[in-house]
Amino acid sequence: MLESGNIQCSVAEVLGATQSVIPRLWTRYRRTGDVSKRHQGRFRVTTRQQDRYLQISARRTRSVTAPQLRLQLQQTHGVTISRRTVINRLHEANLRSRRSVRIPALTRGNRGERLRWAQNHIIRENRQWTNVLFSDERRFSLRPDSRRMRIWRVPGRHSRVEQ
Numbered sequence: 003m004l005e006s007g008n009i010q011c012s013v014a015e016v017l018g019a020t021q022s023v024i025p026r027l028w029t030r031y032r033r034t035g036d037v038s039k040r041h042q043g044r045f046r047v048t049t050r051q052q053d054r055y056l057q058i059s060a061r062r063t064r065s066v067t068a069p070q071l072r073l074q075l076q077q078t079h080g081v082t083i084s085r086r087t088v089i090n091r092l093h094e095a096n097l098r099s100r101r102s103v104r105i106p107a108l109t110r111g112n113r114g115e116r117l118r119w120a121q122n123h124i125i126r127e128n129r130q131w132t133n134v135l136f137s138d139e140r141r142f143s144l145r146p147d148s149r150r151m152r153i154w155r156v157p158g159r160h161s162r163v164e165q
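For the sequence shown, the working numbering gives the first residue as 3, with consecutive numbering after it.
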């Protein structure tokens, strides 16, 4: 733009920059042929291929932990990274560590047994129902450890652990 005879004020308006920046950009352009800023921040330790390896490994074996993935990457690619870096790379792929849903399989036999039980107990006296505890079928645990596994999955997609 400056080469075509425009003044710094008009170039600054077109670029949406302040007028004081234009001489620096012009000098950098004449010296290097480029006006983009140099890379800021720390360089990535892993390559795209290694990031992809972590993502595929987490999707293939969803119950694998971040420290296990870290060791796998170290053994296969010879790259030493932290557990936090593994988590960051999986977050970039929109994979989050979530508790898995553990539900019993409802087979045809189970459904038949449930139906027979319901038919056998459909006619009960009122006093018999006073001994029945109704719940919303939530899990109850007396210990703080729920013993549920964590898996890597995309948010909003509920997955079960393969048993």
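From the three backbone atoms N, C-alpha and C, an ideal C-beta is built for every residue, glycine too.
Please read these numbers as outputs of a predicted model, since none were measured by experiment.
Taking the alpha carbon of residue i as the reference point, which residue from the options has its own alpha carbon closest?
i, options, result
"R44", "S102, G35, T87, G114", "T87"
"R101", "L117, E94, S65", "S65"
"T63", "P157, E94, I153, K39", "I153"
"K39", "R113, R129, V23", "V23"
"R155", "W119, W131, L117, I58", "I58"
"M151", "V103, L117, S137", "V103"
For residue i and residue j, what's the separation of their Cα atoms in angstroms?
i, j, result
"Q77", "T109", "42 Å"
"T48", "R159", "28 Å"
"A95", "Q10", "43 Å"
"L92", "L135", "43 Å"
"G18", "W28", "15 Å"
"Q21", "V37", "15 Å"
"Q121", "N128", "17 Å"
"N90", "E115", "47 Å"
"Q130", "I124", "11 Å"
"R202", "G35", "Since the first and last residues shown for the chain are 3 and 165, residue 202 lies out of range."
"A14", "R50", "37 Å"
"N133", "I83", "58 Å"
"L117", "S137", "19 Å"
"R126", "R113", "21 Å"
"H79", "S12", "52 Å"
Could you check whether residue j and residue i sit closer than 9 Å to each other, using their CB atoms as the reference points?
i, j, result
"Y55", "L75", "yes"
"V81", "Q52", "yes"
"R46", "A68", "no"
I think residue i touches residue j, with their Cβ atoms under 8 Å apart; what is that distance to the nearest whole Å?
i, j, result
"R61", "P157", "Not quite, the Cβ-Cβ distance comes to about 14 Å (not below 8 Å), so this is no contact."
Tell me, please, whether the CB atom of residue i is closer than 9 Å to any CB atom in chain D?
i, result
"I9", "Absence of chain D from the displayed structure is noted, only one protein chain being present."
Answer yes or no: the CB of residue i versus the heavy atoms of the ligand HEM, is any distance below 8 Å?
i, result
"R62", "By its list of ligands, the structure shown contains no ligand whatsoever, and the ligand HEM lies outside what it can speak to."
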